[in-house]
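Quick note, the sequence shown lines up with residues 1 to 277 if you use the UniProt record's numbering.
Below is one structure, written out as structure tokens; the observations come after it.
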Amino acid sequence: GGQCGNQIGAKFWEVVCAEHGIDSTGRYQGDNDLQLERVNVYYNEASCGRFVPRAVLMDLEPGTMDSVRSGPYGQIFRPDNFVFGQSGAGNNWAKGHYTEGAELIDSVLDVVRKEAENCDCLQGFQVCHSLGGGTGSGMGTLLISKIREEYPDRMMLTFSVFPSPKVSDTVVEPYNATLSVHQLVENADECMVLDNEALYDICFRTLKLTTPSFGDLNHLISATMSGVTCCLRFPGQLNSDLRKLAVNLIPFPRLHFFMVGFAPLTSRGSQQYRALT
């Protein structure tokens, strides 16, 4: 949800599509049976053989969604799963959680419910959002608490981008983040903590980029998200679902905030020189 969540989410789906051999129209172009073996974890198969991401995109303004829709993989998403308002949250947590967001949340939940009812065995939910803005933080946590109400025994995994003073967008980020973390402690089962400052440091130090863009940051995030969800999307024994992941990682129920790590690191530009082994 929100600008950050939608941009990261769109990037994540690009990576997942590439890994499963699915092109931008939803057709399978891969060459390995393993790509299809658990493809139904993240995709619904339409009657015409197309794979459609089981994703719901929400925002309180149409801008980011329009750019996702006109992006490289924009046509792969189900059009009904774009849910957006017109007013924006203005980086205000209360607008996302109590006023503007509360007006839109029911139409988001309708789409979520529809997707959930299509599942044979619903494992849980995965939410991408930032905690510094208004929509991702306020409306994102509202969505999480509503889903928790309706599906109390399902797992809730979040990829949450935490604000940091060095890479600050607005002055109210600490407030939005504090209000959100309070919600996440109570209502999420697993939180993957992403931090812009750390990502910038990686871009400067490891990847030697002089002026990293959000595109470079999202490239790192999507690689990490792909790695975290890899054990859900391909056959294997370890951490093969969200609950097993939680059992192995969480010492106490409220301590469920994970730092993600990723190696080896490659920048977007240097990948063409890397030998495939």
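Beta carbons are placed, not taken as given, at the ideal position from N, Cα and C, and that holds for glycine.
Here the C-alpha atom of Gln7 lies approximately 9 Å from the C-alpha atom of Phe214. Pairing Gly101 with Gln183, the inter-Cα distance amounts to about 15 Å. Gly261 counts as exposed, since fewer than 16 other C-beta atoms from the protein chains shown sit within 10 angstroms of its C-beta. Between Val39 and Arg78, the CB-CB gap reaches or exceeds 7 Å. Distances from the alpha-carbon of Gly133 to those of Ile250, Gly5 and Arg268 put Gly5 closest.
Annotated three-state conformation of Tyr42 is coil, per DSSP. The Cβ atoms of Thr135 and Asp59 lie closer than 7 Å to each other.
By the C-beta criterion, the region 64-76 is judged to be in contact with the region 7-18, since at least 3 inter-stretch pairs fall below 8 Å. Counting the other Cβ atoms within 10 Å of the Cβ of Glu190 gives 16 or more, which makes it buried. In the DSSP annotation of this structure, the continuous segment of the alpha helix (DSSP H) that includes Asp33 starts and ends at Asp33 to Glu37. Within the DSSP bridge table, the entry for Ile22 names Tyr28 as partners.
Only buried fits Val68, as 16 or more other CB atoms lie within 10 angstroms of its CB.
Taken in chain order, the whole beta strand (DSSP E) runs of length 3 or more contained in the region 192-262 are 257-259.
Under the criterion of beta carbons closer than 8 Å, Gly1 and Leu143 qualify as touching, at roughly 6 Å.
Per DSSP, Pro152 lies in no alpha helix (DSSP H) and is assigned neither H nor E. DSSP places Val16 within a helical segment (H, G or I) once states are collapsed to three.
Contact between Val83 and Val56 holds: their C-beta atoms lie close to 7 Å from each other, under 8 Å. Under DSSP, His129 shares a beta bridge with Ser160. Assignment of beta-bridge partners to Leu142 by DSSP yields no partner.
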